[in-house]
Structure formats: structure tokens, C-alpha cells
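Going by this note's numbering, 66 is the number at position 8 of the sequence shown; the sequence numbering is gapless.
First comes the structure, then the notes that go with it.
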Amino acid sequence: MIEKQQIGTWTDTLASKAPVPGGGGASALGGALGAALGQMVANLTVGKKRYADVEEEMQQSLTVLAGLQAEFLHLADEDARVFAPLAQAYGMPGDTPEQKAEKEQVMEERLLAASLVPLAMMEKVWEVLEILEQLEAKGSRMAVSDVGVAVQFARAAVTGAVMNVYINTKSMKNRDKAAELNRKAEKLLEDGCRKADAVYDRVRQRLTV
């Protein structure tokens, strides 16, 4: 499990030619870092008299972001878990019509599973971004730069995860299903980037004016 590994060990494995972790796991880690930074901002806000009017909201943000951080780490593990059977399916024999039909069926099932994990990442990124938007507006002014960093990690997570959707849907025989998944991913990508960029721009303006 990724949460039990030292970061240096994990990144060394990422750098190697090992099949996992890969881009999907790295995207999930970006989401987890964005959620963790959001918690830092909320933690620097709670208990301060200046922000007493948003105390309850900050406490709620801490709870939700902690859950999202854990979900991203779980999705990093899920990304690795669904890749192994997909890799095995590519190696199935397809010499006879029966073998070819079985291989195509198995491939479709496993390509779908491998597409749903990064889609789930993208959905979680949206949840993180919604909270980061509130932290930019209401969180500690001393930590607003960390909100800007957090949204960039979240943005990287959504733009990275969509690559894993596309690489799997590209190989699907069921083009209607592939198109459906791509449409969902593209909407999440568009919305996520728009919100991340808007929050980042507000942070940058606050820091440079």
C-alpha cells in the first residue's frame, strides 16, 4: 500500500521500469498532496479569533479533506491493482476464433475497470477544488500561498488522470462506451481546470498586488 511506503522508495519504484506505479498512481498522489495542503491551511485557521466566524466550516473542511486524502491513496493502490489483470489480458492467446472472442471480452472488461479508477480520481479532485476555493476566500491569509500550491497539485491530478482514461478507452472495441467515458472525463477535465485556474489566479493576484 502506498501509504505504508517511504516517499523515496515509492518514487524510486516510479522511476524504474516496473509496471506500477505509473502515471495513474502519480496523479492520485498529486490529489492526496492537494488535499493534505488544504488541511494545513484549515489547521492554520482553526482556533484563531480572527477567523472565529468560519471555525465550523474549517473544521468540516478538515474532516472532508482528510477523507479525500485517504481516498486518493486508496485509488493509487487501485490503479496498480487493476493494471495487472489488464496486462495479463494483452498476453492472452488469440489464434483461434474462440480464443480471440474470449480475449476481446476479457480485454473489454479490464479496460473498463482500468478507466473507472482514473475517472474516480477526477471526481475526487473536483471535491478537493471546491474546498480549496473556500479556503482561498476564508482561510488564513498567512497560508493563502499554500492554497495556490494545493490547487496546482489538484490540477495536475485531474490532467494526469484523464490520460489514463484516454489510454484505456482508445483500446476499447465498444466505441459507444468509450465515447461515454471520454465525455465524462472531458467534462471533469474542463470543470476542474477552470476552477483550479480561477482559484490560482486569485491567489496570485492577492500575493502580487
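In this text, a Cβ means the ideal position worked out from N, Cα and C, and glycines have one as well.
For clarity, every value in this text was computed on a predicted model and none was experimentally measured.
Presumed contact (8 Å Cβ cut-off) between residue i and residue j, rounded CB distance
i, j, result
"residue 93", "residue 186", "5 Å"
"residue 90", "residue 127", "5 Å"
"residue 190", "residue 205", "6 Å"
"residue 179", "residue 86", "6 Å"
"residue 183", "residue 212", "5 Å"
"residue 226", "residue 169", "5 Å"
"residue 147", "residue 161", "7 Å"
"residue 96", "residue 193", "6 Å"
Segment limits, alpha helix (DSSP H) that includes residue i
i, result
"residue 75", "No alpha helix (DSSP H) holds residue 75; DSSP gives it neither H nor E."
"residue 249", "233 to 266"
"residue 104", "That residue, residue 104, is in no alpha helix (DSSP H); it is neither H nor E in DSSP."
"residue 179", "155 to 196"
"residue 201", "Segment: none, residue 201 is in no alpha helix (DSSP H) and carries neither H nor E."
"residue 143", "113 to 148"
Which listed residue (the options) has its alpha carbon closest to that of residue i
i, options, result
"residue 217", "233, 251, 162, 209", "251"
"residue 105", "120, 179, 213", "120"
"residue 99", "123, 81, 213", "123"
"residue 149", "72, 140, 164, 137", "164"
"residue 82", "151, 95, 175, 102", "175"
"residue 188", "115, 103, 75", "115"
"residue 144", "222, 255, 60, 130", "222"
"residue 110", "167, 198, 155", "198"
"residue 235", "220, 194, 254, 166", "166"
"residue 133", "245, 60, 237, 224", "60"
"residue 142", "78, 155, 233", "78"
"residue 108", "147, 75, 196", "196"
"residue 131", "265, 215, 70, 117", "215"
"residue 101", "230, 84, 200", "200"
"residue 173", "155, 151, 137, 157", "137"
task: Counting only runs of 3+ residues fully inside the region 211 to 235, write out the beta strand (DSSP E) ranges in chain order.
output: Entirely contained in the region 211 to 235, not one beta strand (DSSP E) run reaches 3 residues.
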